[in-house]
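Chains as they are written, first to last, in our numbering: chain U, 235 to 731; chain A, 8 to 351. Ideal Cβ positions, reconstructed from N, Cα and C, are used throughout, including at glycine. Structure first, then comments.
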């Protein structure tokens, strides 16, 4: 390996009684793109904060370009060329692009007065470094997430960075934006800047990084060249569990359809979609954004009204004029953006679970039975293995995977016939992802009809008993998961083949 | 570029508030024929001084992401203690001393807000509701405040005028007090502060994203402390302006004004959630409210209607702003939802 820009050895850090880091090491070469992976709570963020001087380590050394430190102050770390781009980018949404780029530097230089001409030249220089074409006078709140991120990148480059640490930089980007970001990262590399890329997304780790380090429970579990890594060992290192490739087949012969859709059309979204879905089946729908997949399932859930066509539930025609109608008909929907659409984050876990079945749990005059609430909550927490010690804690305190389970529990508490999942494991770490997949298969095996909308192809292959590919608002192909591969599915869904 | 700039201008509230002022002025002129007369305009300017001074501080606090409802209580207590307790009844020296004392008292009272907000990190609304009550209580309890006269120095200051406008039709005269220069001076200094100092940009930065401001290296506590002290001192000055203009120290005459002032500030485009607000918009907002209140009299509408109209303006004006923000958010969400959908 070439000379290292950063070498961290034996770093330990405890918060209260919790040992977040138990003597971890990390080494990054000059101009290297290094990926730091690990599940939530593995200590990735703590290590970043130690390197950037936010936390003082209890033990261990940090070596930056050959200089050794037992601890760093934030300003020292910046002066040494270490820059962190946080998940929220730390930009000022209310200020112009120019000020966002220039302010930090001006504060660092202890300026008292603002010189807009100097600020403009700083900003112009900053964006020119990565050839970022942006209106310097635009307010940052009017920009896309990707552009805000690039502003954070440009700002970091102003400080003569040697190492840029990106904390889960792709979590809010579209695929195309991720590609653009990767091009920028490669550009940094060609200028000799090292990048520490923090992620738990396997595909990204493979695509961008040369070397990797994986943490689990505050310890190093693996590091090496990304070329030597495969999906299964990656998951094993991340979680400490062995995962077999799973697939799903309904055990018994299929019964009459729970859901039948005939010639359903929503202008501008999809046209003439027909399919049947029997209990115990899991239908995987994949396709690009704008293929109409989300609009289709939202129609079945009563959010949108079709222009023509019909929906039958349990063999009877159903008119789903609202979400309420759909819920009454036994349809459940878990949206992709569970954080904003699915949950009351500051509210207790138990309240989130029972919110859809309050009527059933209340007695005379609509007074809620505490006992019934506690029983329902207890049952689903046990059944779905939601990791919490107290159901009265806010949902916010749970990890992404467990939050997703709470959303599922809410629907399952409501005697479902059809469960629709849109991107069920988006933003969820690997361990929880496998758990959720197993859960979905178990639910289907018990007699639920399930639709999964996802462009996570391994997910579709692991869960679906039938796969349909949507393109431009139509079902273009139906596939049997047993006889298809990820690459074939990928070609079909992107329409490249 | 010019097209872009004008599009950007129309997206801002200031031109709309200005248009509303013009429309209202023309309406009142058409109904009464008395709007564009020298004495009415002078009266309006006169009526704008005190709320204008209050609004400057109020705007800065809202921009920083807070809210202040204590400035009228600070102004009242500061002016009352200056007027009745510290200065002798027959004080005839420089009025600047009265301003200095009142500003100093206001600064101390603002500093208490600052300590509670910046160091103890308490919510600003709760803090200022509390201190407003505290200061008002002190004034009426400890100092047994009641309406009373002012020392000769302050009375004489109140009679200093720049010019007099005469309306021959109605035989009315209106005088422009020197206090309007204080408003102009404060506006100029605060403009420089907000636009050309890192301290001022820091106030905007904190209102935009406090955590980011801290990471950027802004001394967030110091900036907040400074801000609340400044707002307190400004309130102290405003208290003396008020009593010298009406030649009378009424401890309760300013109480209750804070809501109208906050409404005017928000009407002028200052975002209640912080980070965005301009002096131009603030003064336009105050002007619109002042013209509305004064014009009802010109149009022969009973004054008790003015409260109803003020209320309607607040709901419409702030409602429009709030709705715009809501729409922007929704647009943002519509943009970001599919982007999340793409990366599972």
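Please check if any C-beta of chain U sits within less than 7 Å of the C-beta of residue i.
| i | result |
| --- | --- |
| residue 20(A) | no |
| residue 203(A) | yes |
| residue 5(A) | As displayed, chain A neither begins before 8 nor continues past 351, which places residue 5(A) out of reach and without an answer. |
| residue 219(A) | yes |
| residue 23(A) | no |
Which residues in the same chain as residue i place their Cβ atom closer than 7 Å to its Cβ, once the five residues preceding and following it in sequence are excluded?
| i | result |
| --- | --- |
| residue 106(A) | 244 and 247 |
| residue 267(U) | 419, 423, 429, 431, 442, 443 and 444 |
| residue 692(U) | 720 |
| residue 288(A) | 20, 21, 24, 275, 276 and 277 |
| residue 248(U) | 254 and 292 |
| residue 145(A) | 84 |
Sorted by chain position, which residues of the same chain lie with C-beta nearer than 6 Å to residue i's C-beta, five sequence neighbours on each side aside?
| i | result |
| --- | --- |
| residue 99(A) | 159 and 160 |
| residue 456(U) | 448 and 471 |
| residue 636(U) | 620 and 621 |
| residue 167(A) | 185 |
| residue 624(U) | none |
| residue 82(A) | 242, 245, 246 and 261 |
| residue 399(U) | 282, 318 and 430 |
| residue 131(A) | 73, 74 and 124 |
| residue 200(A) | 207 |
Name, please, each residue of chain U whose Cβ falls closer than 8 Å to the Cβ of residue i.
| i | result |
| --- | --- |
| residue 225(A) | 341 |
Are the beta-carbon atoms of residue i and residue j separated by less than 7 Å?
| i | j | result |
| --- | --- | --- |
| residue 608(U) | residue 595(U) | no |
| residue 185(A) | residue 90(A) | no |
| residue 654(U) | residue 685(U) | yes |
| residue 241(U) | residue 261(U) | yes |
| residue 656(U) | residue 569(U) | yes |
| residue 194(A) | residue 25(A) | no |
| residue 42(A) | residue 49(A) | no |
| residue 513(U) | residue 681(U) | yes |
| residue 547(U) | residue 493(U) | yes |
| residue 70(A) | residue 238(A) | no |
| residue 239(U) | residue 396(U) | yes |
| residue 255(U) | residue 287(U) | no |
| residue 417(U) | residue 319(U) | no |
| residue 317(U) | residue 521(U) | no |
| residue 519(U) | residue 527(U) | yes |
| residue 554(U) | residue 700(U) | no |
| residue 174(A) | residue 44(A) | yes |
| residue 39(A) | residue 306(A) | yes |
Closer than 9 Å by beta-carbon distance: list the chain A residues that pair up with residue i, in chain order.
| i | result |
| --- | --- |
| residue 495(U) | Per Cβ cutoff of 9 Å: no residues; residue 495(U) is ~21 Å from chain A at best. |
| residue 636(U) | Here the premise fails: no neighbours, minimum Cβ distance about 18 Å. |
| residue 329(U) | 208, 211, 212, 215 and 282 |
| residue 333(U) | 208, 211 and 212 |
Please list, in chain order, the chain U residues whose beta carbon lies closer than 9 Å to that of residue i.
| i | result |
| --- | --- |
| residue 73(A) | Under the 9 Å cutoff, chain U gives no residues; its nearest Cβ is about 15 Å from residue 73(A). |
Since residue i meets chain A, which of its residues come closer than 7 Å, beta carbon to beta carbon?
| i | result |
| --- | --- |
| residue 468(U) | Chain A residues near residue 468(U): none, gap ~17 Å exceeds 7 Å. |
Are any of the Cβ atoms in chain A nearer than 7 Å to that of residue i?
| i | result |
| --- | --- |
| residue 737(U) | This structure does not reach residue 737(U), given that chain U is present from 235 up to 731, and the question cannot be answered. |
| residue 347(U) | yes |
| residue 338(U) | yes |
What residues of chain U sit near residue i, judged by a beta carbon separation below 7 Å?
| i | result |
| --- | --- |
| residue 222(A) | 324 |
Below 8 Å CB to CB, which residues in the same chain sit around residue i once its five sequence neighbours on both sides are set aside?
| i | result |
| --- | --- |
| residue 458(U) | 445 and 446 |
| residue 264(A) | 57, 58, 61 and 79 |
| residue 590(U) | 561, 644, 645, 647 and 648 |
| residue 541(U) | 499, 500 and 501 |
CB of residue i to nearest heavy atom of the ligand GDP: below 6 Å?
| i | result |
| --- | --- |
| residue 458(U) | Absent from the structure shown: the ligand GDP. Ligands present: none. |
Against chain C, does residue i count as a neighbour if the rule is that its beta carbon must be under 7 Å from one of theirs?
| i | result |
| --- | --- |
| residue 293(U) | The structure shown contains no chain C; its protein chains are U and A. |
Across the stretch 290-309 of chain U and the stretch 469-488 of chain U, are there enough close Cβ pairs to call them in contact, namely three or more that are closer than 8 Å? By the C-beta criterion, the stretch 290-309 of chain U is judged not to be in contact with the stretch 469-488 of chain U, since fewer than 3 inter-stretch pairs fall below 8 Å.
Looking at C-beta atoms only, is the number of pairs between the stretch 354-363 of chain U and the stretch 384-392 of chain U that lie closer than 8 Å three or more? Result yes; three or more Cβ-Cβ pairs closer than 8 Å.
Pairing CB atoms from the stretch 247-267 of chain A with CB atoms from the stretch 81-96 of chain A, are three or more of them under 8 Å? In short, these stretches touch, since the Cβ pair count reaches three.
Does the stretch 134-146 of chain A come into contact with the stretch 68-83 of chain A, if we say contact requires no fewer than three beta-carbon pairs (one atom in each stretch) closer than 8 Å? Counting C-beta pairs with one atom in each stretch, the stretch 134-146 of chain A and the stretch 68-83 of chain A have three or more that are closer than 8 Å, which means they touch.
Contact between the stretch 108-117 of chain A and the stretch 272-288 of chain A: three or more CB pairs below 8 Å? With a cut-off of 8 Å on Cβ pairs, the stretch 108-117 of chain A is not in contact with the stretch 272-288 of chain A, counting fewer than three such pairs.
Specify whether the stretch 396-403 of chain U and the stretch 364-381 of chain U touch according to this definition: at least 3 beta carbon pairs, one from each stretch, less than 8 Å apart. Taking 8 Å as the limit for Cβ pairs, the verdict is that the stretch 364-381 of chain U does not touch the stretch 396-403 of chain U.
Would the stretch 118-127 of chain A count as touching the stretch 224-238 of chain A if we require 3 or more Cβ pairs under 8 Å? The stretch 118-127 of chain A makes contact with the stretch 224-238 of chain A, as at least three CB pairs between them are under 8 Å.
Count the CB pairs spanning the stretch 665-678 of chain U and the stretch 585-604 of chain U that are closer than 8 Å, and state whether there are at least three. The stretch 665-678 of chain U, when compared against the stretch 585-604 of chain U, does not touch it at the 8 Å Cβ threshold.
Evaluate contact between the stretch 294-301 of chain A and the stretch 47-67 of chain A, counting only Cβ atoms and requiring at least three cross-stretch pairs below 8 Å. Enough Cβ pairs lie closer than 8 Å, so yes.
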